[in-house]
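Positions 2 to 184 (this note's numbering) are the ones given, in order, by the sequence shown.
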Amino acid sequence: MKIYTKTGDDGTTSLLGGTRVPKYHIRIEAYGTLDELICYLGLLRDQPKVDKHFQEALIEIQERLMSASAILATESETASENIPKLYNSDLEFLEREMDTMNEILPPLRAFILPGGHPTASHAQVARCICRRAERLALQVHEQFGNCEMVVKYLNRLSDYLFVLGRKLSYDVKAKEIVWKPRK
């Protein structure tokens with residue numbers, strides 16, 4: 002299979018279902034941002050301070066994000082019957098993971114500034130990419146529908162990535178820096 006098709010040379014691409022749209026279409030922006038997030042989670046997963054449990058969790062998340070991408074790229078009901086779905090159990094997975102991490106983390110009493118260790122910082126950058134993807138997915142959902150679970154999943158995932166960043170900081174004994182607003 003050739004990677005290049007030349008069909009996008011005119012600045013368009015196909016959605017699942019066959020409709021051609023400009024490469025700046027909101028659906029393309031949305032699933033393109035998910036692609037960025039999937040890649041960034043791969044970078045996070047490859048960090049030396051990320052243990053086997055979190056590596057496996059991040060692979061699970063990348064797989065769910067591939068499903069979310071397919072949902073965002075699908076423009077017709079007929080095509081959507083053949084794509085992977087997101088389920089409440091996917092949200093529950095993230096919630097369980099957060100609950101487990103939060104059991105050992107000190108309570109959060111203030112806003113914290115990202116940083117402290119490169120691995121934790123990667124988790125926080127991934128959180129920001131996830132939030133951007135969520136905003137774009139919400140636009141797709143509002144314009145075209147059928148993306149409610151994608152929006153929910155991305156909302157929960159950004160929370161997970163925040164907690165994961167805190168957990169990674171905790172594991173390497175990095176100090177959390179509390180934001181001190183000026184008065």
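For glycine and all other residues, C-beta sits at the position ideal for the given N, C-alpha and C.
**Asked** What residue from I62, H54, R21 and K53 has the CA that sits closest to Y41's CA?
**Response** Considering only alpha carbons, the answer is I62.
**Prompt:** How would you write the range of the beta strand (DSSP E) that P23 sits in, first residue to last?
**Reply:** Start and end: R21 to P23.
**Item:** Residue span of the beta strand (DSSP E) that contains T13, given as start and end
**Value:** Looking at the DSSP string, the run of the beta strand (DSSP E) that includes T13 is T13 to S15.
**Item:** Nearest-angstrom Cβ-Cβ length linking L44 and V51, presumed shorter than 8 Å
**Value:** That pair is no contact at about 10 Å.
**Message:** Please state the DSSP three-state secondary structure of I113.
**Reply:** Strand, per DSSP.
**Item:** Three-state secondary structure assigned by DSSP to T75
**Value:** Of the three classes helix, strand and coil, the one that applies to T75 here is strand, per DSSP.
**Request:** In angstroms with no decimal places, state the Cα-to-Cα distance between Q144 and Y5.
**Result:** Across the structure, Q144 and Y5 are spaced so that their CA atoms are roughly 31 Å apart.
**Message:** Taking the beta carbon of I178 as the centre, do at least 16 other beta carbons fall within 10 Å, making it buried, or is it exposed?
**Reply:** By the 10 Å Cβ count, I178 comes out exposed.
**Message:** Let me check understanding here. Comparing Cα to Cα, which of K24, L16 and L17 lies closest to D10?
**Reply:** If we check each option's Cα against that of D10, K24 comes out closest.
**Item:** Reduced DSSP category for I4 - H, G, I as helix; E, B as strand; rest coil
**Value:** I4 falls in the coil class under three-state DSSP.
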